[in-house]
Amino acid sequence: MEITMKEKNAISESLRAYVAKYPSQTKAAGSLKGVSVGTVSNILNGRYENISDEMFRNVASQVGGVSATGWQIVETGAYQEITAVLSDAQRWRNVTWVTGEAGCGKSTTARVYLHEHKEVFYILCSEDMKKGDFVREIARTVGIRTEGYNIREVWGLILDDIIQMDAPLLVFDEADKLTEPVFHYFISLYNKLEEKCGVVFLSTDYIAKRISNGLRYQKPGYKEFYSRIGRKFYELEPTDVNDVFAICSANGVTDKKDIDKVIKEASTCDFDLRRVRKSIHKVKRMVGE
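If you count the sequence shown from 1, you need to add 410 to reach this note's numbering.
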């Protein structure tokens, strides 16, 4: 489907807000995958003639608002806890590891915080990340072009940028998926970040077992890292009925019978918010919305 002029203008405004969070337009462009500095400049200045709809979609997917689909984000208990942790880490440059059930809203909350604050850099971790991938992904989110540099040089560029920032924050989502070599590598790198940058890790509670094993078998770096995070994890309160009720109300499901259906279905899935969203979608389709 062709993108309308109204949609292009909306994407341009979202891009403008995104660029404003970086020290320069060049840095902002460097943080976007497959987007050049020239493209950013053209979109911001309304010069759309040579920019394809595919490129507009690419930009929108990276800078668009969290609720672009019309879904209303609700400040659940977990949302409030995560936001408080992120704010504290950014202000005081400390390190916290947050654990919570899958589907409790960790990623969504982090992305909302990212869009609302400057100098916040979100890295989605994955099992197939190697050391080079990991460091270059951090560099990309910070807005650093990495072509022609080795890993050590890239890390030096990252540190140079972070040191100049007022309140930098790195957020590592699904951090428990990092492989042992990458995790160990980050532990060694963190010494250079300490007191220069806030760091928050988000994951399921599987990480507690992993850290415990690392300590038991005296794996290099684990004892030091566990000390860095205060020798404990920040465990989120589970999602409950009140959270689901608030989400239903905010997203147009107000009939008591419909809300009860959503709650009943959610209760069989540990109140996973992904399941809640699907249930709300199903209920709204049944009533013809």
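Each residue gets a CB set at the ideal place from its N, CA and C atoms; glycine is no exception.
When DSSP assignments are scanned along the region 551-625, the uninterrupted stretches of alpha helix (DSSP H) that are 4 or more residues long and fall wholly within it turn out to be 561-573 and 590-600. A straight-line Cα-Cα distance of about 13 Å links arginine 684 and glutamine 482. Taking 8 Å as the cut-off, the beta carbon of glutamine 500 is found closer than this to the beta carbon of glycine 608. By DSSP's assignment, phenylalanine 531 forms a beta bridge with Leu580. The region 539-551 and the region 564-574 touch, with no fewer than 3 CB-CB distances between them shorter than 8 Å. For serine 462, the closest C-alpha among the options Leu496, Asn560, Thr414 and Glu647 is that of Thr414. Take the alpha-carbon of tyrosine 532 and the one of glycine 640: they are about 22 Å apart.
For valine 686, the enclosing alpha helix (DSSP H) starts and ends at 683-696. A check of alpha carbon separations from arginine 467 across Gly515, Pro433, Met411 and Thr509 identifies Met411 as the nearest. The three-state secondary structure of tyrosine 458, taken from DSSP, is coil.
By the Cβ test, the region 553-563 is not in contact with the region 611-628, since fewer than three Cβ pairs between them sit closer than 8 Å. Around the beta-carbon of glycine 515, 16 or more other beta-carbon atoms lie within 10 Å, marking it buried.
The C-beta of proline 648 has fewer than 16 other C-beta atoms within 10 Å across all chains shown, which makes the residue exposed. Rounded to whole angstroms, isoleucine 673 and alanine 488 show a C-alpha spacing of 17 Å.
For valine 508, the enclosing beta strand (DSSP E) begins and ends at 505-509.
In this structure, valine 469 sits near valine 445, with a CB-CB distance shorter than 8 Å. Listed as beta-bridge partners of glutamate 537 by DSSP are no residues whatsoever. Counted as a single uninterrupted DSSP element, the alpha helix (DSSP H) harbouring glutamate 464 occupies residues 463-473. Ranked by Cα distance from threonine 486, the options Ala430, Ser422, Arg457 and Ala656 are led by Ala656. For valine 505 and serine 434, the gap between their C-alpha atoms comes out near 27 Å. No Cβ-Cβ contact shorter than 8 Å links glycine 553 with serine 598. When beta bridges are read from the DSSP output, tyrosine 644 appears opposite Val508.
The alpha-carbon of phenylalanine 635 is positioned some 17 Å away from that of aspartate 583.
When the beta-carbon positions are compared, threonine 493 and tyrosine 458 stay at least 8 Å from each other. Between lysine 629 and the set Tyr595, Asp670 and Ala585, the nearest pair of CA atoms involves Tyr595.
Here the alpha carbons of asparagine 455 and asparagine 419 stand approximately 10 Å from one another. In this structure, Ala585 is the residue among His527, Met575 and Ala585 with its C-alpha nearest to the C-alpha of serine 517. For leucine 579 against valine 651, the beta-carbon gap comes to about 32 Å, at or over 8 Å, which does not count as contact. Setting aside the 5 residues that flank it on each side, valine 686 is surrounded in the same chain by Val654, Ile657, Val672 and Ala676, each with a C-beta closer than 7 Å to its C-beta; the list follows chain order. The continuous alpha helix (DSSP H) containing lysine 671 extends over residues 666-677. The three-state secondary structure of cysteine 514, taken from DSSP, is coil.
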